[in-house]
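Visitor: Just so we're aligned, residue 4 is where the sequence shown starts under the working numbering, counting upward by one. Here it is, the structure, as structure tokens.
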Amino acid sequence: MNKTELLIIGAGPAGYQAALHAARLGHQVVLAEKDQIGGTCLNRGCVPTKSLLEQAHQWAVSRQKADVQAMRQREQQTVQKLREGIAQLLQSSRVQLIPEQVSIADAHHVCSTQGCWQADHILIATGSAVALPPIEGIEQALTSDDVLRMEQPLPQSVILIGAGVIGMELADLYLDLGVQVTILEAADRCLSMADRQISQSLQMIFKRRGATMIFNARVMRIENHRVEYEVGGQTAVIQAEAVVVATGRRPVLPECEVRLKTDQGRLVISETMQTSVPSIYAAGDAASTIQLAHYASAQAIAAVDHMFGVKNQTDLKTVPSCVYTHPQAAWVGLQQQQAHELGIPLLTGKASTLSNARAQIDQAPRGFVRLLADGRNRQLIGGMIVGDHACEWISTISLAIAQHLTVDQCRAVIFPHPSWSETLQEALLDFDGLAIHTISTRR
Ligand SMILES: Cc1cc2nc3c(=O)[nH]c(=O)nc-3n(C[C@H](O)[C@H](O)[C@H](O)COP(=O)(O)OP(=O)(O)OC[C@H]3O[C@@H](n4cnc5c(N)ncnc54)[C@H](O)[C@@H]3O)c2cc1C
Numbered sequence: 004m005n006k007t008e009l010l011i012i013g014a015g016p017a018g019y020q021a022a023l024h025a026a027r028l029g030h031q032v033v034l035a036e037k038d039q040i041g042g043t044c045l046n047r048g049c050v051p052t053k054s055l056l057e058q059a060h061q062w063a064v065s066r067q068k069a070d071v072q073a074m075r076q077r078e079q080q081t082v083q084k085l086r087e088g089i090a091q092l093l094q095s096s097r098v099q100l101i102p103e104q105v106s107i108a109d110a111h112h113v114c115s116t117q118g119c120w121q122a123d124h125i126l127i128a129t130g131s132a133v134a135l136p137p138i139e140g141i142e143q144a145l146t147s148d149d150v151l152r153m154e155q156p157l158p159q160s161v162i163l164i165g166a167g168v169i170g171m172e173l174a175d176l177y178l179d180l181g182v183q184v185t186i187l188e189a190a191d192r193c194l195s196m197a198d199r200q201i202s203q204s205l206q207m208i209f210k211r212r213g214a215t216m217i218f219n220a221r222v223m224r225i226e227n228h229r230v231e232y233e234v235g236g237q238t239a240v241i242q243a244e245a246v247v248v249a250t251g252r253r254p255v256l257p258e259c260e261v262r263l264k265t266d267q268g269r270l271v272i273s274e275t276m277q278t279s280v281p282s283i284y285a286a287g288d289a290a291s292t293i294q295l296a297h298y299a300s301a302q303a304i305a306a307v308d309h310m311f312g313v314k315n316q317t318d319l320k321t322v323p324s325c326v327y328t329h330p331q332a333a334w335v336g337l338q339q340q341q342a343h344e345l346g347i348p349l350l351t352g353k354a355s356t357l358s359n360a361r362a363q364i365d366q367a368p369r370g371f372v373r374l375l376a377d378g379r380n381r382q383l384i385g386g387m388i389v390g391d392h393a394c395e396w397i398s399t400i401s402l403a404i405a406q407h408l409t410v411d412q413c414r415a416v417i418f419p420h421p422s423w424s425e426t427l428q429e430a431l432l433d434f435d436g437l438a439i440h441t442i443s444t445r446r
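Structural data, given as structure tokens:
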């Protein structure tokens with residue numbers, strides 16, 4: 004029988020990064036993948052969506068009709084290049100790849116049709132798949148997987164069910180491609196997991212861009228591109244050339260002969276990423292309610308560190324959330340409501356991008372930065388941004404939160420001019436009414 008120190012199931016961001024990290028630490032690794040290296044993120048998620056979103060936006064700015072075939076081609080080239088890069092890294096790091104579906108036979112054995120491996124540790128990183136809500140006719144709707152295979156001619160109109168992160172990004176894509184968009188959302192706002200100010204800001208911008216957004220809507224039936232829904236006790240019907248559903252994803256678990264504890268289909272894991280069987284670890288979408296690629300890989304690396312006795316330095320509580328719309332939105336740390344629930348007295352600092360030179364140079368729609376600090380010690384505990392490149396400069400706030408920096412320590416930094424991040428500097432100064440480019444209401 005083949006033996007290894009670590010056997011990883013799934014080569015998405017959790018699995019392949021865990022494999023490379025363990026190899027860098029000098030351990031023997033086997034990585035099983037039944038489909039393509041890179042998982043959902045690289046093949047059906049983060050990377051293809053952002054490639055299409057960026058290209059569609061460039062077409063929209065140029066005011067020309069988008070060449071969807073060229074967009075798809077460039078997106079596929081990007082994905083392939085990244086996939087080949089990961090394959091090379093795995094090979095040069097001597098990670099043994101099993102290109103097959105595998106199952107768990109017991110606490111230390113994993114099997115495929117080709118045979119079994121004995122492993123000191125097993126890491127489950129099998130990810131997630133599209134979940135369809137229980138709506139009559141839902142099988143007629145397109146999923147994000149289908150949208151990514153888009154072809155010309157595009158539908159002239161689309162109904163999007165769900166205004167979470169994926170729903171909003173798909174709406175952004177369609178709007179930039181000139182498609183009429185109607186969004187139906189069960190909650191009372193888009194991005195209901197984010198602070199209300201982010202939802203309100205993006206709703207305003209999306210409406211200005213031509214989207215129709217209907218909230219508190221319970222979709223009941225889909226039939227021939229007609230969607231029946233109920234809002235405020237009234238039933239209504241709308242029709243479009245395509246219906247897209249983006250209401251969530253479900254964890255995917257491997258076949259397993261040992262009983263592993265689950266909660267709502269997800270593997271239950273400890274702080275050390277161990278399942279109810281200590282030699283079996285899990286990370287990423289298969290085990291987490293936060294379904295983000297960077298969280299999946301951070302968890303997976305923490306799992307590897309724990310199994311090989313290495314001290315892990317990552318603050319797994321400070322997880323940035325990003326929405327790659329135009330403009331982008333990003334937030335990290337505690338939101339106001341959560342801070343209130345924890346009884347934390349709050350200080351706030353905020354600034355608009357209205358007076359930011361870079362935002363004006365880019366002729367960008369209005370955005371903002373809002374920061375939260377603990378009133379007892381002035382440590383930064385949360386932050387949110389709406390504005391271009393928000394998903395890049397949110398990391399400055401993440402670093403401050405993870406390192407427990409105070410507002411005053413953050414102010415030690417000089418921000419480059421002209422840059423979007425100067426809005427962050429303004430928000431830091433606003434804690435004490437010192438923002439330079441804001442009309443002062445103090446005497
Ligand atoms: C449209 C879309 C856009 C997204 N955009 C972003 C974004 O911008 N940023 C972000 O952070 N996140 C984004 N996500 C979420 C992100 O893709 C996931 O959080 C991430 O891929 C989870 O990583 P993972 O390694 O846990 O699982 P996955 O990436 O799902 O990988 C799991 C892998 O395991 C393999 N596998 C499963 N079962 C077995 C088995 N029994 N044997 C062998 N192999 C198996 C699968 O084939 C798959 O390759 C997006 C998702 C979607 C759908």
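Using N, Cα and C, we set each Cβ at its ideal position, and we do this for glycine too.
1) For a test of your reading of the model: does the CB of residue 36 fall under 7 Å from any non-hydrogen atom of ligand 1? Yes or no.
2) Contact between the stretch 107 to 124 and the stretch 216 to 231: three or more CB pairs below 8 Å?
3) Tell me the rounded alpha-carbon separation between residue 22 and residue 285.
4) Looking at the secondary structure, which residues open and close the beta strand (DSSP E) in which residue 126 lies?
5) Which of helix, strand or coil does DSSP assign to residue 133?
6) CB-CB under 7 Å to residue 78, same chain, minus the five flanking residues each way: which ones, in chain order?
7) Among 89, 128, 45, which residue has its Cα nearest to the Cα of residue 306?
8) What does DSSP give as the partner residue(s) for residue 80 in the beta ladder?
9) Using the C-alpha atoms, what's the distance from residue 357 back to residue 14?
10) For residue 133, which residues in the same chain have their Cβ closer than 7 Å to its Cβ, ignoring the five residues on either side in sequence?
11) Which residue comes first and which comes last in the beta strand (DSSP E) that contains residue 387?
12) Say the cut is 7 Å; is the CB of residue 398 nearer than that to a heavy atom of ligand 1?
13) From which residue to which residue does the alpha helix (DSSP H) around residue 371 run?
14) Please list the segments of the beta strand (DSSP E) lying wholly inside the stretch 203 to 276, counting only runs of 3 or more residues, in order along the chain.
15) How is the beta strand (DSSP E) around residue 183 delimited, first residue to last?
16) Mind reading off the beta-carbon distance from residue 330 to residue 376? Whole number of angstroms is fine, and I expect it under 8 Å.
17) Going by the C-beta, is residue 327 closer than 7 Å to any heavy atom of ligand 1?
18) Of all the options 36, 244, 46, 217, which has the alpha carbon lying nearest to the alpha carbon of residue 98?
19) So what does residue 114 bridge to, in DSSP terms?
20) Can you check which of these residues, 413, 363, 406, is closest to residue 420 by C-alpha distance?
21) Who are residue 170's beta bridge partners in DSSP?
22) Curious, which full-length alpha helix (DSSP H) runs of at least 4 residues does the stretch 20 to 106 contain?
23) Which residue from 425, 164, 38, 84 puts its Cα closest to that of residue 105?
24) Is there at least one non-hydrogen atom of ligand 1 closer than 7 Å to the beta-carbon of residue 297?
25) On the CB-based measure, 16 or more other CB atoms within 10 Å of its CB, does residue 425 come out buried or exposed?
26) Which term fits residue 415, buried or exposed, when burial requires 16 or more other beta carbons within 10 angstroms of its beta carbon?
27) Can the beta-carbon of residue 174 be found less than 8 Å from the beta-carbon of residue 184?
28) Helix, strand or coil for residue 287? Go by DSSP, reduced to three states.
29) If residue 179 sits next to residue 63, beta carbons under 8 Å apart, how far is it from one beta carbon to the other, in whole angstroms?
30) Answer yes or no: do residue 397 and residue 333 have a C-beta to C-beta separation smaller than 8 Å?
Guide: Here's the rundown:
1) Start at 1 with the first residue of the sequence shown, and residue 36 comes out as number 33. Flag set: Cβ of residue 36 near ligand 1.
2) no
3) As a first step, residue 22 must be located in the sequence shown, where it is residue number 19. As a first step, residue 285 must be located in the sequence shown, where it is residue number 282. Looking at the two C-alpha atoms, the distance is approximately 13 Å.
4) Within the sequence shown, numbered from 1, the residue matching residue 126 stands at position 123. Taken as a continuous stretch (DSSP letters only), the beta strand (DSSP E) holding residue 126 covers 118 to 127.
5) Within the sequence shown, residue 133 is the residue found at index 130, counting from 1. Strand at residue 133.
6) Taking the sequence shown and counting its residues from 1, one reaches residue 78 at position 75. For residue 78, where only same-chain residues beyond five positions count, the Cβ hits under 7 Å are 51, 54, 55.
7) Here residue 306 corresponds to residue number 303 of the sequence shown, with the count starting at 1. Closest option to residue 306, Cα to Cα, is 128.
8) Looking up residue 80 in the sequence shown gives position 77. For residue 80, which the question treats as bridged, DSSP gives no partner whatsoever.
9) Counted from its first residue, the sequence shown places residue 14 at position 11. Counted from its first residue, the sequence shown places residue 357 at position 354. Using only the alpha carbons, I get a separation of about 43 Å.
10) Here residue 133 corresponds to residue number 130 of the sequence shown, with the count starting at 1. 146, 147, 148, 252, listed in sequence order.
11) Within the sequence shown, residue 387 is the residue found at index 384, counting from 1. Element bounds for residue 387: 383 to 389.
12) The residue you call residue 398 lines up with position 395 of the sequence shown. No.
13) The residue given as residue 371 occupies position 368 in the sequence shown. No alpha helix (DSSP H) contains residue 371, which is instead part of the beta strand (DSSP E) from 371 to 377.
14) 215 to 217, 220 to 226, 229 to 234, 237 to 242, 245 to 248, 252 to 254
15) Taking the first residue of the sequence shown as position 1, residue 183 is located at position 180. It spans 183 to 187 - the beta strand (DSSP E) in which residue 183 sits, taken as one unbroken run.
16) Within the sequence shown, the letter at position 327 stands for residue 330. Within the sequence shown, the letter at position 373 stands for residue 376. Not quite, the Cβ-Cβ distance comes to about 25 Å (not below 8 Å), so this is no contact.
17) Numbered from 1 along the sequence shown, position 324 holds the residue referred to as residue 327. Answer for residue 327: yes, Cβ within range of ligand 1.
18) By 1-based counting over the sequence shown, the position of residue 98 is 95. Nearest option by C-alpha distance: 36.
19) Position 111 of the sequence shown, counting from 1, holds the residue named residue 114. According to DSSP, residue 114 bridges with 106, 119.
20) For this step, residue 420 is matched to residue 417 along the sequence shown. For residue 420, the nearest C-alpha among the options comes from 363.
21) Working through the sequence shown from its first residue, we reach residue 170 at position 167. BP columns for residue 170 are empty, so no partner.
22) 42 to 47, 49 to 65, 71 to 95
23) For this step, residue 105 is matched to residue 102 along the sequence shown. Here the closest residue by C-alpha is 38.
24) As a first step, residue 297 is located in the sequence shown; it is residue number 294 there, counting from the start. It does: the Cβ of residue 297 is within 7 Å (strictly closer) of some heavy atom of ligand 1.
25) Residue numbering aside, residue 425 sits at position 422 when the sequence shown is read from its first letter. Buried: at least 16 other Cβ atoms inside 10 Å.
26) Residue numbering aside, residue 415 sits at position 412 when the sequence shown is read from its first letter. Per the 10 Å Cβ criterion, exposed.
27) To locate residue 174, count along the sequence shown from 1; it is residue 171. To locate residue 184, count along the sequence shown from 1; it is residue 181. Yes, they are a contact pair.
28) Working through the sequence shown from its first residue, we reach residue 287 at position 284. It is helical.
29) Within the sequence shown, numbered from 1, the residue matching residue 179 stands at position 176. Within the sequence shown, numbered from 1, the residue matching residue 63 stands at position 60. Confirmed, Cβ separation roughly 4 Å.
30) For this step, residue 397 is matched to residue 394 along the sequence shown. For this step, residue 333 is matched to residue 330 along the sequence shown. For residue 397 and residue 333, yes; Cβs fall inside 8 Å.
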